[in-house]
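*Asks:* The structure that follows is given in the form of structure tokens.
Numbering (the numbering used here), first residue to last: 8 to 406.
Written out as structure tokens, the structure is:
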């Protein structure tokens, strides 16, 4: 890849005061994250050309954490950051995320086979299906964490949070860096910890269970941030957001389905795994949004003092189309060796398009998702502009 995620930025713009506490929440979703890039592209085009990021608080999970870090690094010049982000996603290939050459796929398959038939005697079980070291190399070259610190220090950004799941403690941990001092929190299975954010936090947040290996930080191993994340809106609110712009990666319609799924056969492993990822990345978000709506209704009925809550306005973007159907159209774009492995797993067989939609890091697919996100945002441009520009909305916390 020749296009960097973080390009040389123009001279720093002066921070904008009194922009309000607008939070951006980006869910996880692997290759589906291209949709979020499309929505951000529309937001950038609707705003001033050389303006700063309109969000005071940015929170991301899994692939959304990586996008959140890139946006935060360009907080002084939002549009320039989104342009570079889009350029990368438009030209993505699987090899930039995990090893998909024939030798790597054969090696992975043989190791799983040896571990299975020998009970681990001939070869220890692999830590994951895929080797995602190319993603680490990509992020190490192109994500400038020092620029994120500068953005927070100079007032272009209030806070950035990256969520990961702590396996030993069985907690959802939101690692955050913030301009104003924010006390750590612990509620239920959710914890907020101040941190000097770096590469390991992003890799941990995006470590989808089974597919990618967990990441060790200190004496703890961490995996994908969507695990144990029962309240994905909470970190943004606790970091001071009054309003939330939420970008998901699965349609909210209950009628979506995988067009390749057979009606008269039991689900394949790929179909089950795709269903699990849907649950992992989106069910918590939709449940938290429903809880937020109920709390807002309670506040409207009895008032914030009696309810003991704050009112938080939320604007939500989710795709109008089923990504499994789009992935099914682009299935032939993945490398041949990976296609063989996915077919073995059931992801390239009938019913496996949902799983494929999370792994299809190929330009044809990601470009279509970017275009879809952009179109969805532009279709609601008046509502979007009013929400982003508003500083008078009341701010509820679901917890």
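C-beta: ideal position from N, C-alpha, C; glycine also.
1) Just verifying my parser: in three-state terms, what is the DSSP assignment at residue 224?
2) Is any heavy atom of the ligand MG found at a distance shorter than 6 Å from the C-beta of residue 146?
3) Pick out whichever of 138, 362, 44 and 54 has its Cα sitting closest to the Cα of residue 67.
4) So, for residue 140: in the same chain, excluding its five sequence neighbours on each side, which residues have a beta-carbon less than 6 Å away from its beta-carbon?
5) Specify, as a first and last residue, the run of the alpha helix (DSSP H) that residue 375 falls within.
6) On the three-state DSSP scale, how would you describe residue 68?
7) Please report how far the alpha carbon of residue 368 lies from the alpha carbon of residue 217, in whole angstroms.
8) With DSSP collapsed to three states, give me the class of residue 134.
9) Going straight from the alpha carbon of residue 215 to that of residue 69, what length do you get?
10) Let me check one thing: in DSSP terms, what residues is residue 177 bridge-paired to?
11) Would you call the segment 48–61 and the segment 272–279 touching, i.e. three or more CB-CB distances under 8 Å?
12) Name the residue from 88, 253 and 230 whose alpha carbon lies nearest to the alpha carbon of residue 134.
13) Checking the sheet assignment: what are the DSSP bridge partners for residue 167?
14) Excluding five sequence neighbours on each side, which residues of the same chain lie with their C-beta closer than 6 Å to the C-beta of residue 359?
15) Can you give me the C-alpha to C-alpha distance between residue 205 and residue 168, rounded to a whole angstrom?
16) Mapping DSSP to helix, strand and coil, what is residue 192?
17) Write down every uninterrupted run of the beta strand (DSSP E) in the segment 52–111 whose length is 3 residues or greater and which is fully enclosed by it, in chain order.
18) Going by beta carbon distance, what residues of the same chain come within less than 6 Å of residue 62, once the five residues before and after it are set aside?
19) Using only alpha-carbon positions, find the residue among 318, 213, 309 and 287 that is nearest to residue 298.
20) Can you tell me whether residue 77 is buried or exposed, with buried defined as 16 or more other CB within 10 angstroms of its CB?
21) Which same chain residues end up closer than 6 Å to residue 202 when comparing Cβ atoms and leaving out the 5 residues on each side of it in sequence?
22) Tell me which residue opens and which closes the alpha helix (DSSP H) that residue 245 is part of.
23) Just the C-alpha distance for residue 301 and residue 383, rounded to the nearest angstrom, thanks.
24) Note the first and the last residue of the continuous beta strand (DSSP E) segment covering residue 323.
25) Quick one: what does DSSP say residue 328 is sitting in, helix, strand or coil?
26) Quick check on the burial criterion: 16 or more other C-beta atoms within 10 angstroms. Buried or exposed for residue 160?
27) So residue 374 and residue 97 are in contact, right, with Cβ under 8 Å, and what is the actual spacing, rounded?
*Replies:* Let's see:
1) strand
2) The ligand content of the structure shown is nil, which means the ligand MG is not present either.
3) 44
4) none
5) 370–386
6) strand
7) 18 Å
8) coil
9) 8 Å
10) Answer by DSSP bridge pairing: none, since residue 177 is not bridged.
11) no
12) 230
13) 65 and 184
14) 275, 277, 278 and 353
15) 11 Å
16) strand
17) 64–68
18) 29 and 31
19) 318
20) buried
21) 182
22) 241–245
23) 26 Å
24) 320–324
25) coil
26) exposed
27) 5 Å
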